[in-house]
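In my numbering, the protein residues as written are 44 to 114. One structure is given here, and the rest of the page talks about it.
Below, the structure is given as structure tokens:
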């Protein structure tokens with residue numbers, strides 16, 4: 044391969060690597076946005092359930108409410 048072909052291949056590989064980095068970055072940003080949205084959805088659901096004496100998290104509601112009231 045001559046020098047021009049080597050340069051073309053080097054540019055193509057470099058562009059592919061940059062595209063891969065950009066794709067990885069946006070996948071990471073998307074993951075963080077989804078993670079934050081799920082966290083806020085759980086917090087909001089917890090706020091909505093709390094006045095009713097229930098919690099969407101299983102560990103916080105192992106025993107029924109009347110069982111706790113009798114103890």
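We put the beta carbon where it would ideally sit given N, CA and C, even for glycine.
query                                                                          : result
Span separating the alpha-carbon of residue 80 from that of residue 52         : 42 Å
Cα-Cα separation between residue 49 and residue 55, rounded to whole angstroms : 10 Å
Length of the line joining the Cα atoms of residue 59 and residue 66           : 10 Å
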